[in-house]
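Protein chains in written order, with my numbering: chain A, 1 to 160; chain B, 1 to 440.
The beta carbon of each residue, even a glycine, is placed where N, CA and C say it ideally should be.
Reading through the structure tokens given below for one structure.
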Amino acid sequence: MRRLIALCHRLLTWLMVGAVAVLIVPVTLQIVSRYTELIPSWIWTEELSRFLFIWMVMLGAMIGVREGTHFDVDVWPALSPRANALLKLVSSAAIFVFALVFIWWGIDFVRFGWDQSSELAELPMVYIFAAWPAAGLTWALFLGESFVDNLRIVAGKTPA
Amino acid sequence: MSGAAVLTPSSAALVLFGTFFALMVVRVPVAFALGLACLPVLFIEPRLSPLMLFNETFKAYNSFILLAVPFFLLTANLMNIGGITDRLVRLSRTMVGHFPGALAQINVLLSVFFAGISGSSTADAASQSKIFIEAQVKEGYGLSFSIAITAVSAVLAVIIPPSILMIVWGGVISTSIGAMYLAGILPGLLIALAQMVTVHVYSKIYRYPVYPRATLKEFFVSAWQSLPALFTPFIIVGGILLGWFTATESAAIAVLYAAALSIFVYREMDLKHLYHAFSETGKLSAVALFCVGTASAFGWLLAYYQIPKALLENVASWHMGITGVGFFIAFVFLVVGCFLDAIPAIIIVGTILQPLAASVDMHPIHFAIISIVALAFGLVTPPYGLCLMISCAVAKVPLKFALKDTVIMLIPMLLMLAAIILWPEIPLILPKLIAPELLK
Chain A
1 MRRLIALCHR
11 LLTWLMVGAV
21 AVLIVPVTLQ
31 IVSRYTELIP
41 SWIWTEELSR
51 FLFIWMVMLG
61 AMIGVREGTH
71 FDVDVWPALS
81 PRANALLKLV
91 SSAAIFVFAL
101 VFIWWGIDFV
111 RFGWDQSSEL
121 AELPMVYIFA
131 AWPAAGLTWA
141 LFLGESFVDN
151 LRIVAGKTPA
Chain B
1 MSGAAVLTPS
11 SAALVLFGTF
21 FALMVVRVPV
31 AFALGLACLP
41 VLFIEPRLSP
51 LMLFNETFKA
61 YNSFILLAVP
71 FFLLTANLMN
81 IGGITDRLVR
91 LSRTMVGHFP
101 GALAQINVLL
111 SVFFAGISGS
121 STADAASQSK
131 IFIEAQVKEG
141 YGLSFSIAIT
151 AVSAVLAVII
161 PPSILMIVWG
171 GVISTSIGAM
181 YLAGILPGLL
191 IALAQMVTVH
201 VYSKIYRYPV
211 YPRATLKEFF
221 VSAWQSLPAL
231 FTPFIIVGGI
241 LLGWFTATES
251 AAIAVLYAAA
261 LSIFVYREMD
271 LKHLYHAFSE
281 TGKLSAVALF
291 CVGTASAFGW
301 LLAYYQIPKA
311 LLENVASWHM
321 GITGVGFFIA
331 FVFLVVGCFL
341 DAIPAIIIVG
351 TILQPLAASV
361 DMHPIHFAII
371 SIVALAFGLV
381 TPPYGLCLMI
391 SCAVAKVPLK
401 FALKDTVIML
411 IPMLLMLAAI
421 ILWPEIPLIL
431 PKLIAPELLK
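Right, dumping it as structure tokens:
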């Protein structure tokens, strides 16, 4: 299971890197098309870049949960590893709730996008809206993993 | 529309802020705390449903303006791997290396150069922490001092053009981005000057080391080498003023220019580092931007219950003059900046304060610069100061460690902010001279 999660993590990272790398292309085309006749002024360059951007943000937000890079505020004095793990359990439970909301209402959200297509390129919006429940699912998966780890520390089974 | 709302503005505010702070205390990441804080209200209010959370986050990310965030981060990362940063360090050394506290002065000056190319303070903090903190400690500077100066000088990146915050401000509060860019130059340089003076005083007290003075030839050689990189701000600001490209497109231009310099001029790019640059860019910009989405939802709910209006009703009765309002705005953004990242703060608070600024005829550009400088300082104020958090993370110490020196360094910077509030000419003079048509 852990290997599967790690694989999923790597796959998501590659996808995100791909999104970042490609993002520059439509914006460049947009500038170039304004000044030359070489490229037809594809009006959907702007839309394409926005959609790539949405996926980049959502993919990065998914990865961030496993890597623990979402910024938090620390108001506590130095805690013992056990208290620290306990606090992590509480905060990951909260994120888990958010993940469930993203899955449950995310499916509604996708259904809502089923009969919508984008304004310019007429892309089905489902491809975009799917990022939300997908994020919920990956968060739940990643949180499950760290939940087990922290539970063991709290129970005193693994020295932190 | 809120006439039929179940919750009164004050009870809604209590639920929203109460949940947000409670979650923050148990170390739920800010982005999630903001989203989760919306939920109780969405369930209580029969007219609202959690789907609103999706609509608002989608609307926030579906914005061409915010594309500038990953682009400016990518520019910064390309500068680091492509040899641009190295050359700018060398140039800075020939310019300020003979001052007391040489390396720390270089740290500040490099931030000024960096600010002219990338518009992201977090990128500046991330890259310069790696360059300077360890090197400064090795030369005998205090660790806390080294962290603090790296973090506070990083805030220049969003004050000196180009700037992510100004692009977002222009998108949210429709103010001319070109005019803000010009207006940011002088305040940015003044704040840099204040920081260099601070470094000087520190260095005299603690006897920090000095490098031998560089010869004039060395200066010209490194200036020549850095010239293509130093040209970037002129391309960006000039291109926007001349209407060649939009602000977001200018961020893409910065990426292309940095890439071109790294590949063709300095020739220090390889695929492994490129992958790394892409991945760092994606990770940092995504966590920052995800928070923008949930903050937008939070801000939308505040507006739904007309909470801002209720808060401002009292303030209007104080009958402050233009200076009073200026200080009030700066104070609000400084406080908000302690708890929120700057982009969400603009989205939630900037729009609230705009009518107040307009009511005393404060110039929109003056309003923008006061707010952006105050928010930039928020990047180093605890508990949520991203630049300070990044620098401390690189040095592997808790945030509290560098707090005292950061506060000391903030004092002269705050004086500069006060000067900007008192004399609107400081930000307004350059746009007046160069592009008066933008000021209307």
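Rounded to the nearest angstrom, the gap between the Cα atoms of A:F129 and A:A155 is 40 angstroms. Looking at the DSSP output, A:P124 shares a beta bridge with A:S117. Restricting attention to A:L4, A:I54, A:L12, A:A121, the CA atom closest to the CA of A:T45 is found in A:A121. Residues of chain A with a Cβ closer than 9 angstroms to the Cβ of B:K283 are, in chain order, T13, M16, G60, I63, G64, E67, T69.
Annotation: the continuous alpha helix (DSSP H) that includes B:N55 extends over 51-61. Only residues of its own chain outside the window of five on either side were considered, and among them none has a CB closer than 6 angstroms to the CB of A:K157. Taking the Cα of B:F17 as reference, the smallest distance to any Cα among B:G385, B:G101, B:A125, B:L340 is reached at B:L340. Going by C-alpha positions, B:F54 is about 30 angstroms away from B:A368. Within chain A, the C-beta atoms nearer than 7 angstroms to that of B:L399 come from D74, in chain order.
If you look at A:W14, you'll find it in the alpha helix (DSSP H) that goes 2-35. Using a Cβ-Cβ cut-off of 8 angstroms, B:G35 counts as an interface residue toward chain A, since at least one Cβ of chain A sits closer than that to its own. With its beta carbon less than 8 angstroms from one in chain A, B:E249 belongs to the interface. Close to chain A, meaning a Cβ-Cβ distance shorter than 7 angstroms, are the following residues of the segment 11-43 of chain B: L23, M24, V25, V26, R27, V28, P29, V30, A31, F32, G35, L36, L39. Rounded to whole angstroms, the gap between the alpha carbons of B:Q306 and B:L156 is 34 angstroms. For A:Q116, no chain B residue has a Cβ inside 7 angstroms of its Cβ, as the nearest lies near 11 angstroms away. Taking 8 angstroms as the Cβ-Cβ cut-off, the segment 183-210 of chain B has no residue approaching chain A. One thing to note: B:L34 has its Cβ no nearer than 8 angstroms to the Cβ of B:F333.
A check of alpha carbon separations from B:K283 across A:S146, A:L15, A:V25, A:R2 identifies A:L15 as the nearest.
The beta carbon of A:V32 sits no closer than 8 angstroms to any beta carbon of chain B.
Looking at the backbone, the Cα of B:I365 and that of B:T232 are separated by about 23 angstroms. Of all residues in the segment 80-103 of chain A, only L87, V90, S91, A94, I95, V97, F98, V101 place a beta-carbon less than 7 angstroms from a beta-carbon of chain B. Where B:F71 is concerned, the enclosing alpha helix (DSSP H) starts and stops at 68-81.
Within the segment 227-287 of chain B, the complete alpha helix (DSSP H) segments at least 4 residues long are 232-241, 247-260, listed from N- to C-terminus. Pairing B:L274 with B:I81, the inter-Cα distance amounts to about 8 angstroms. By the CB criterion at 8 angstroms, B:T381 and B:V152 fall outside the cutoff. Assigned with DSSP and collapsed to three states, B:T122 falls in helix.
Between B:A358 and B:L417 the beta-carbon gap is near 21 angstroms, outside 8 angstroms, which marks them as no contact.
Listed by position along chain B, the residues whose Cβ is nearer than 7 angstroms to that of A:E46 are F64. Residue nearest to B:V112 within the set B:I173, B:N314, B:Q128 is B:Q128 (criterion: CA-CA distance). Taking the Cα of B:W244 as reference, the smallest distance to any Cα among A:V22, A:V148, A:T28, A:P133 is reached at A:T28.
Distance from the CA of B:T246 to the CA of A:R34, rounded to the nearest whole angstrom, comes to 12 angstroms. Following the DSSP letters along the chain, one finds B:I426 inside the alpha helix (DSSP H) bounded by residues 425-434. For A:A134, the enclosing alpha helix (DSSP H) stretches over residues 131-154. Residues of chain A with a Cβ closer than 8 angstroms to the Cβ of B:A419 do not exist; the shortest Cβ-Cβ separation is about 31 angstroms.
If you check the CB distance, B:I106 and B:G97 come in under 8 angstroms. Listed along the chain, the chain A residues whose CB falls inside 8 angstroms of the CB of B:P364 amount to none; the nearest CB is some 26 angstroms away.
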